[in-house]
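Visitor: What follows is a structure written as structure tokens; I'll ask about it next.
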């Protein structure tokens, strides 16, 4: 099993492949539509945390094996055991699952989800927590927590989903737990692009390669600001963006862009 650079783990519940500067995470339990377990939650959390310290991977694609993205928490391996836990154990679990999204948001690499088939529960959250989402017309995305007697406020859904598709649409999905079709997901802005099923992964990876060839230090700053500024006034956002842009103006990529423009050439960025 491939060991993730910078992390002391060899993943068991997903595969990790690197092609150039792009890493692909594939949730790999296709016989069960790629459900998550206690261990796979923890491995994803640890992986995204470790990526904060990895320099040679510039972008991430996350997908699922066998024509489905992720069916959420495994009914037998997670939901069953949760019924026998006390409050302290339950809180430890829910905080750990939330830490997956926190780690996705704080890793500097842009994350692109390639989604086909079932994308439900925690799988829908992994898609939501990504920076971009490429989907298919056949995909079915469901934040189905209320259908199992839980609140829709899972792993940041009540905060993040309305910012992507709007308060009213998010409210409907989180209250009803119904599936959002691929066409709806694209029309509502959840999907950035609608692809054929046999091309969704390759198109997501191609976008990831384009980003990986760009000014990746600046991309990391952009990602940080996109998330930090949710809690800021416009005035504060303008101030911190001025500081962020001044930092980027000190990078060699900024110089490279100017030199290439002056020479009427395309800049070759190196991420520093």
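In our numbering, the protein residues as written are 2 to 273. Cβ atoms here follow ideal geometry from the backbone N, Cα and C, with glycine treated the same way. Note that the structure is predicted; figures quoted are calculated from it, not measured.
(1) What three-state label does DSSP hand residue 23 in the structure shown?
(2) For residue 70 and residue 148, what's the separation of their Cα atoms in angstroms?
(3) Measuring only the C-alpha atoms, how far is residue 222 from residue 118?
(4) Would you kindly work out how many angstroms separate the C-alpha atoms of residue 187 and residue 134, rounded to a whole number?
(5) For residue 115 versus residue 205, is the C-beta spacing smaller than 7 Å?
(6) For residue 136, report the span of its beta strand (DSSP E) as first-last.
(7) With residue 62 as the anchor, note down where its beta strand (DSSP E) starts and where it stops.
(8) If you measure between the beta carbons of residue 29 and residue 15, is that distance less than 7 Å?
(9) Starting from residue 171 and walking both ways along the alpha helix (DSSP H), at which residues does that stretch end?
(10) Residue 72 by DSSP, collapsed to three states: which one?
(11) DSSP on residue 116, reduced to helix/strand/coil?
(12) Is it a yes or a no for the stretch 98-113 touching the stretch 138-148, going by three-plus beta-carbon pairs under 8 Å?
(13) Just to confirm the assignment, what range does the beta strand (DSSP E) spanning residue 142 have?
(14) Here's a check: name, in chain order, each residue in its chain whose Cβ is nearer than 8 Å to the Cβ of residue 7, leaving out the five neighbours to either side.
(15) What does a CB cutoff of less than 6 Å around residue 24 pick up in its chain, not counting 5 residues either side in sequence?
(16) Confirm, please, whether the CB-CB distance from residue 73 to residue 121 is below 7 Å.
(17) For the candidate residues 152, 191, 140, whose alpha-carbon lies nearest to that of residue 163?
(18) Exposed or buried, residue 143, counting other C-beta atoms within 10 Å across all chains shown (16 or more means buried)?
Guide: Reading it off the structure:
(1) For residue 23, the secondary structure class from DSSP, reduced to helix, strand or coil, is strand.
(2) Taking the straight line joining both Cα atoms gives about 20 Å.
(3) Spanning the two alpha carbons is a distance of roughly 33 Å.
(4) Cα to Cα, the separation comes out at about 9 Å.
(5) For the pair residue 115 and residue 205, the CB atoms are nearer than the 7 Å cut-off.
(6) Judged by DSSP secondary structure, residue 136 falls within the beta strand (DSSP E) whose first and last residues are 133-137.
(7) Start and end: 60-65.
(8) Residue 29 is a Cβ neighbour of residue 15, given a cutoff of 7 Å.
(9) For residue 171, the enclosing alpha helix (DSSP H) begins and ends at 168-177.
(10) Of the three classes helix, strand and coil, the one that applies to residue 72 here is coil, per DSSP.
(11) Assigned with DSSP and collapsed to three states, residue 116 falls in coil, not helix or strand.
(12) Judged by Cβ distances under 8 Å, the stretch 98-113 makes no contact with the stretch 138-148, as fewer than three pairs qualify.
(13) Element bounds for residue 142: 141-143.
(14) Confidence is the limiting factor: at residue 7 the pLDDT is only 47, short of 50, which leaves the residue's position unreliable, though a coordinate-based value still follows. Excluding sequence neighbours, residue 7 sits near 51, 52, 54, 55.
(15) Cβ neighbours of residue 24 beyond the five flanking positions: 58, 61.
(16) Yes, the pair counts as a contact, with Cβ atoms nearer than the cut-off.
(17) In this structure, 191 is the residue among 152, 191, 140 with its C-alpha nearest to the C-alpha of residue 163.
(18) By the 10 Å Cβ count, residue 143 comes out buried.
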